[in-house]
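A quick write-up on the structure given underneath.
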Amino acid sequence: MTVPATGPAAPALDPTWWRQAAVYQIYPRSFADANGDGIGDLRGVTSRVPYLSALGVDAVWLSPFYPSALADGGYDVDDPRGVDPRIGTLEDFDAMVAALHGAGIRVVVDIVPNHSSDRHAWFRAALAAGPGSPERERYIFRDGLGEHGELPPADWTSAFGGPAWTRVEDGQWYLHTFATEQPDYNWAHPEVREDFLTTLRFWADRGVDGFRVDVANSLAKDLPEVLPSAAELSAMPKDGTHPLWDRDEVHEIYAEWRRVFDEYDPPRTAVAEAWVDSPERRARYASPEGLGQAFNFDLLVADPEAGAFRRIITANLEQSALSGSSSTWVLSNHDVVRHATRYGLPPLEGRREKQGTAWLAEGGPEEGIDRERGLRLARAATLVELALPGSAYLFQGEELGLHEVAEIPDADRQDPAFFRTTPEDRGFDGVGRDGCRVPLPWTREGSSFGFGEGGAHLPQPAWFGDSSVQAEDGVPGSTLELYREALRLRRELQGAEELTWAAGIDGGDVLAFERPGGWLTVANLGAAGTPLPTGELLLASGPLEAAADGAAVLPAGTTAWIRR
Ligand code: GLC
Ligand code: CA
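With our numbering as the guide, the letters of the sequence shown map in order to residues 271 to 834.
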């Protein structure tokens, strides 16, 4: 069956649009609030289509907008084929898709297949039906250990801290890899598989162009009768045989999904969120027989350092060439500390996103951060990201150069990762992800800085006004104007998915690569200025300097795009 792309003004039927798209992530509850109740909504998104269009993105990805108690910001889904009444209606959704398509912007929605919410009809039915019932088979229920089953079936910790097994009234326990309110589905159950195919078709029929697949590496599980301990689990290799993570047979599920995607013209696309251990294992998710694309978080966890960036770019381009997919690049999303803030903190060996959470856990002290340096490097890194072959995934607010909001009182926190941990172990993951999810500032002043007519569901700091759209719109050198110009030029310059390291320029702290058509990117990630290569300067992430002899200098922490 071939179904044409729906909607009166679907963008051109180019089946390869996703390979080098700039995709803008919208966190719907924090983007724009059309009815002034403090919660962003779909009509808010529709009202900002002119903004998105002027920004120049190719697609938007919406984090979940489904009915949810918001135990995990909407990643606890009550009904995957509905819209949260606080966010809108299906009619609002259709109007939003039509408006985005009308502006030539594709629409990607989030699919959350590892778990439902505990308010999902199936989970309610499972609780009502009791132990041993077919209803329980759709989830992962077990009897407890101990004389009366009073101990959990295993001592596992959830990804947000706290236990991964919760006991229900009749004494059985269920598995939740994330919060208590997020029971894991049993993907060995044919009804679970079938229901997700129905969900994919439901949204694809409404004109959705692609899907972002949440925790794509956890669906397939193989739990033996006697469960391994947490210590045993963490010692097991993640080579496709781990009981919980990145099992080889998860790809059978995605092969089924691919058949659904290919029922449409153009085929629907998907991108996997899979925090796996190697580019090789990630490539399996990006296979054309599977989801087609996978997030690559390597730049996100790296220091903004030329050597690290060079290695990561080289390795990932090799990998994507082998997989048949395109590369993806991410610097910020709704789960990590914003990159302008991370880069303002002193380097920490290894996983850079942990850097920000450690600083947040201390309450975000000003003496611990150089905000100006952070933003300068963030802008420089963004120009690298946008010049690379493949897709760039941008997170709402980064185009304003927004910093992470550190000053959220405990009483206003929403992230379950915050509540499921104690102050002692909050040092890293447990500090929570609310600081990047604060509603966007649209105006310098006014109620919720133009987010809506009312308040904002997470408190906005006073400094937000200076980073608002209004404060940056039309201002030369602002981060917003930098993103607009970069995205405009990217469309013009984008060619084959190829990159050559620029001989004689690339090396040491200077990252320099050329794309087909003479598009040269030079990023000075060192501590001293470097001569600006000759050619037509197209864009720079910050002001240039001049040497004593008048020659142009690319200052430390600055990237330039040059046409040669
Ligand atoms: C993914 C999402 C994150 C969510 C988790 C559980 O990692 O990006 O926000 O909390 O899955 O659904
Ligand atoms: Ca609202």
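Where is the CB? At the ideal position from N, CA and C, for every residue including glycine. Since the model is a prediction, treat every value here as computed from it, not as a measurement.
Burial state of residue i, where buried means 16 or more other Cβ atoms lie within 10 Å
{"i": "Arg-761", "result": "exposed"}
{"i": "Ala-556", "result": "buried"}
{"i": "Val-496", "result": "exposed"}
{"i": "Met-506", "result": "exposed"}
{"i": "His-727", "result": "buried"}
{"i": "Leu-360", "result": "exposed"}
{"i": "Thr-804", "result": "exposed"}
{"i": "Trp-789", "result": "buried"}
{"i": "Ser-499", "result": "exposed"}
{"i": "His-418", "result": "exposed"}
{"i": "Ala-651", "result": "buried"}
{"i": "Asp-791", "result": "What sits at residue 791 in the sequence shown is Thr, not Asp. Result: buried."}
{"i": "Arg-313", "result": "buried"}
{"i": "Pro-679", "result": "exposed"}
{"i": "Trp-435", "result": "buried"}
{"i": "Ala-334", "result": "Residue identity differs from the one stated: residue 334 is Pro in this sequence, not Ala. So Pro-334 counts as buried."}
{"i": "Leu-283", "result": "exposed"}
{"i": "Val-745", "result": "exposed"}
{"i": "Trp-473", "result": "buried"}
{"i": "Asp-440", "result": "exposed"}
{"i": "Thr-242", "result": "Beyond the ends of the chain as shown, which are 271 and 834, falls residue 242; an answer cannot be given."}
Same chain only: Cβ atoms within 6 Å of residue i, ignoring 5 sequence neighbours per side
{"i": "Trp-331", "result": "Val-293, Gln-295, Val-378 and Arg-482"}
{"i": "Asp-479", "result": "Arg-376 and Val-377"}
{"i": "Glu-677", "result": "Pro-731"}
{"i": "Glu-668", "result": "Ser-602"}
{"i": "Asp-779", "result": "Ala-576, Leu-795 and Gly-796"}
{"i": "Gln-589", "result": "Pro-549 and Ala-553"}
Own chain partners of residue i with C-beta closer than 7 Å, once the 5 adjacent residues on each side are dropped
{"i": "Ala-610", "result": "Gly-644, Leu-645, Ala-648, Gly-671, Leu-672 and His-673"}
{"i": "Gln-730", "result": "Val-708, Pro-709, Pro-711, Ser-718 and Phe-719"}
{"i": "Glu-755", "result": "Leu-809"}
{"i": "Phe-698", "result": "In this prediction, Phe-698 has a pLDDT of 48, which is less than 50 and means its spatial position is unreliable; what the coordinates show is noted afterwards. So the list reads Lys-624, Thr-627 and Ala-628, once near-sequence residues are dropped."}
{"i": "Glu-715", "result": "Gly-735"}
{"i": "Trp-515", "result": "Asn-487, Ser-488 and Lys-508"}
{"i": "Glu-461", "result": "Arg-408"}
{"i": "Gly-510", "result": "Asp-516, Arg-517 and Asp-518"}
{"i": "Ala-395", "result": "Glu-405"}
{"i": "Thr-713", "result": "Phe-719, Gly-720, Ser-738 and Gln-740"}
{"i": "Ala-391", "result": "none"}
{"i": "Val-520", "result": "Asn-487, Leu-489 and Ala-490"}
Three-state secondary structure (DSSP) of residue i
{"i": "Arg-612", "result": "helix"}
{"i": "Thr-800", "result": "strand"}
{"i": "Asp-454", "result": "strand"}
{"i": "His-385", "result": "strand"}
{"i": "Leu-670", "result": "helix"}
{"i": "Tyr-555", "result": "helix"}
{"i": "Gly-827", "result": "coil"}
{"i": "Leu-489", "result": "coil"}
{"i": "Glu-519", "result": "coil"}
{"i": "Val-462", "result": "helix"}
{"i": "Gln-730", "result": "coil"}
{"i": "Phe-721", "result": "coil"}
{"i": "Phe-698", "result": "Any answer about Phe-698 is weak, because its pLDDT of 48 lies below 50 and its placement is not dependable; what the coordinates show is given next. Here Phe-698 sits in coil by DSSP."}
{"i": "Gln-290", "result": "helix"}
{"i": "Arg-714", "result": "coil"}
{"i": "Val-792", "result": "strand"}
{"i": "Pro-401", "result": "coil"}
{"i": "Val-378", "result": "strand"}
{"i": "Gly-510", "result": "coil"}
{"i": "Ser-300", "result": "helix"}
{"i": "Leu-415", "result": "strand"}
{"i": "Gly-562", "result": "coil"}
{"i": "Asp-680", "result": "helix"}
{"i": "Arg-482", "result": "strand"}
{"i": "Gly-777", "result": "strand"}
{"i": "Asp-311", "result": "coil"}
{"i": "Thr-598", "result": "strand"}
{"i": "Thr-539", "result": "strand"}
{"i": "Ala-279", "result": "Residue confidence is low: Ala-279 scores 43 on pLDDT, short of 50, so the model does not pin down where it sits. No coordinate-derived value is stated."}
{"i": "Val-330", "result": "strand"}
{"i": "Phe-363", "result": "helix"}
Own chain partners of residue i with C-beta closer than 8 Å, once the 5 adjacent residues on each side are dropped
{"i": "Ile-375", "result": "Pro-281, Val-319, Leu-322, Ser-323, Val-327, Asp-328, Ala-329 and Val-330"}
Residue i: CB within 7 Å of a non-hydrogen atom of ligand 4
{"i": "Arg-356", "result": "No copy of ligand 4 occurs in the structure displayed; its ligands are ligand 1 and ligand 2 alone."}
CB contact below 8 Å: residue i versus chain C
{"i": "Leu-763", "result": "Structure shown: chain C not included; a single protein chain is present."}
Anticipated Cβ contact below 8 Å, residue i with residue j, distance rounded
{"i": "His-385", "j": "Thr-447", "result": "7 Å"}
{"i": "Leu-824", "j": "Thr-800", "result": "5 Å"}
{"i": "Leu-656", "j": "Ser-597", "result": "In fact, because the Cβ distance is near 13 Å, the residues do not count as touching under 8 Å."}
Q. Around ligand 1, which residues pass a check of Cβ closer than 5 Å to any of its heavy atoms?
A. So the residues near ligand 1 by this Cβ test are Asp-342, Tyr-345, Phe-448, Asp-484, Val-485 and Asp-605.
Q) What is the chain-ordered set of residues for which the beta carbon lies under 5 Å from any non-hydrogen atom of ligand 2? A) These are the residues, in chain order, with a beta carbon less than 5 Å from any non-hydrogen atom of ligand 2: Asp-303, Asn-305, Asp-307, Ile-309 and Asp-311.
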